[in-house]
Ligand SMILES: Nc1ncnc2c1ncn2[C@@H]1O[C@H](COP(=O)(O)OP(=O)(O)OP(=O)(O)O)[C@@H](O)[C@H]1O
Ligand SMILES: [Mg+2]
């Protein structure tokens, strides 16, 4: 049985369509990350699943039971908000007990649930403190604890780590990964942080333009983006996507760039759309600044060099003015204005048809 199923979920606010026919199936205990630009409807969909918002159309089914017709408290889901609010005058224990007391859970049972959650989250010593006496990360864990005690079938986390500083965020990310092993529930987490989505999620759902653009495991999202939107959105710095001309021939597709360079891809020519117009996608790591002995695929003029320590990013322009992002070693000697050689790894290239559909090498 599937964990969660969404069928044809639609939602408009004041006549503006935000979600337009969302279908999604999540396995039990699966960790799903929702990724997408601001305003793409991620929180709205989470709120629809939680029952804090009503869909205009569609169904939400959890473990075979339709839940979109049920009040939020009866759905078996627990949501942690981006701006979690703990009651400042209550202790951690009281904060965690609050929802359970309202649901008239007997006191001994509440105590047991809180003990269990506190153990999972390692906040036992904090139970008698007030939120004001906790660090940001500890408060975050208490907010997650409040969700855990409800023993939900599904956790809904809306950017749970976004208020934390970088170091704490990383630690809490590790904790979330460990927590995940210990709770018997699925998780859907909204995040703006690609690294978070890549490291935590079993599958990533990419939203844009009212629809789901792709649902796939992290590495597949990265290496086989469904379309130009996903290709540009995932990966930093973004994939260079530039127009080219598909050459005649059979076997692997070869593409001529605007500056005349020929890129031999590892993508089968069969199955590509007809016509010679195509776009080629190159991640920075497959465009290297040449070193001694390298044969250059083409040359470019350096616009800007970013030295990141272990590597450098080189933003450059091909002879026809096309912008391309390349990678060099951390000790790159390239400077803006320099003429450099680029070695392009055609075998790692992606192709995109006129409608944006992605084509990738078979084994990528
Ligand atoms: N209650 C509401 N009334 C009117 N418009 C709303 C309401 N809630 C959300 N919207 C609009 O719906 C769209 C989607 O909002 P939503 O909060 O789901 O986006 P999001 O993907 O979570 O964005 P972010 O990454 O910024 O949190 C936005 O354009 C937003 O302004
Ligand atoms: Mg949001």
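Residue numbers (the working numbering): 140 to 503. Backbone N, C-alpha and C fix where the C-beta goes; we use that ideal spot for every residue, glycine too. Predicted model, so just to flag it, every value in this text is computed and none were measured.
Check                                                                                                                                                    : Outcome
DSSP has residue 481 in a bridge; who is on the other side?                                                                                              : 428 and 437
Hey, would you say residue 291 sits closer than 7 Å to residue 203, going by beta carbons?                                                               : no
Give me the residue from 260, 289 and 176 with the minimum Cα distance to residue 276.                                                                   : 260
Near residue 230, what residues of its chain come up, given a Cβ to Cβ distance below 8 Å and the 5 sequence neighbours on each side ignored?            : 266, 267, 268 and 269
Within 10 Å of its beta-carbon, does residue 243 have 16 or more other beta-carbons around it, so buried, or fewer, so exposed?                          : exposed
Just jot down, in chain order, the residues whose CB lies closer than 5 Å to any heavy atom of ligand 1.                                                 : 152, 157, 177, 178, 179, 180, 181, 182 and 183
I'd like the span of the alpha helix (DSSP H) that includes residue 283, first residue to last.                                                          : 275 to 287
Can you have a look at residue 234 and say buried or exposed, based on whether 16 or more other CB atoms are within 10 angstroms of its CB?              : buried
Are there 16 or more other CB atoms within 10 angstroms of the CB of residue 223, so buried, or fewer, so exposed?                                       : buried
What does the alpha-carbon distance come out to for the pair residue 486 and residue 186?                                                                : 43 Å
What residue ranges within the segment 142 to 174 form continuous beta strand (DSSP E) runs of no fewer than 3 residues, ordered along the chain?        : 143 to 152, 155 to 165 and 170 to 174
Give me whichever residues DSSP pairs with residue 498 in a beta bridge.                                                                                 : 490
What does a CB cutoff of less than 7 Å around residue 442 pick up in its chain, not counting 5 residues either side in sequence?                         : 454, 455, 456 and 475
Counting Cβ pairs, one atom from each stretch, are 3 or more of them under 8 Å apart for the segment 334 to 349 and the segment 164 to 171?              : yes
If you draw a straight line from the C-alpha of residue 337 to the C-alpha of residue 431, how long is it?                                               : 35 Å
In angstroms with no decimal places, state the Cα-to-Cα distance between residue 483 and residue 426.                                                    : 5 Å
With residue 181 and residue 346 assumed to form a contact (beta carbons below 8 Å), what rounded beta-carbon distance in angstroms separates them?      : 6 Å
Comparing C-alpha positions only, which one of 465, 405 and 225 sits nearest to residue 282?                                                             : 225
Straight-line CA distance for residue 209 to residue 164?                                                                                                : 20 Å
Buried or exposed for residue 196, please, with buried defined as at least 16 other CB atoms from any protein chain shown within 10 angstroms of its CB. : exposed
Three-state secondary structure (DSSP) at residue 197?                                                                                                   : strand
First and last residue of the alpha helix (DSSP H) that includes residue 509?                                                                            : Limits of the chain in this structure are 140 at one end and 503 at the other, which puts residue 509 out of reach.
Smallest Cα separation from residue 465: which of 444, 459 and 458?                                                                                      : 444
So residue 297 is in the beta strand (DSSP E); what residue range does that whole segment cover?                                                         : 293 to 297
Please return the same chain residues whose Cβ sits closer than 7 Å to the Cβ of residue 439, not counting the five positions on each side in sequence.  : 455, 456, 457, 463, 479 and 481
Which ranges would you report for the alpha helix (DSSP H) in the segment 356 to 411 if only whole runs of at least 4 residues count?                    : 357 to 362 and 367 to 372
Given a threshold of 16 other Cβ atoms within 10 Å of its Cβ, counted over all protein chains shown, does residue 137 qualify as buried or as exposed?   : Any answer about residue 137 is impossible in this case: the structure gives the chain only from 140 up to 503.
In whole angstroms, what is the alpha-carbon distance linking residue 329 and residue 357?                                                               : 14 Å
Quick one: what's residue 347 bridged to in DSSP?                                                                                                        : 350
May I have the straight-line CA-CA distance separating residue 498 from residue 245, to the nearest angstrom?                                            : 57 Å
Taking C-alpha atoms, which residue in 433, 412 and 402 lies nearest to residue 420?                                                                     : 402
Closest by CA to residue 373, which one among 153, 391 and 352?                                                                                          : 352
Take residue 390 as the anchor and find which of 500, 227, 152 and 155 has the nearest alpha-carbon.                                                     : 500
Could one say the Cβ of residue 440 lies closer than 7 Å to chain B's Cβ atoms, at least one of them?                                                    : No chain B appears in the structure shown, which is made up of a single protein chain.
Let me check understanding here. Comparing Cα to Cα, which of 384, 446, 193 and 217 lies closest to residue 297?                                         : 217
Which term fits residue 155, buried or exposed, when burial requires 16 or more other beta carbons within 10 angstroms of its beta carbon?               : exposed
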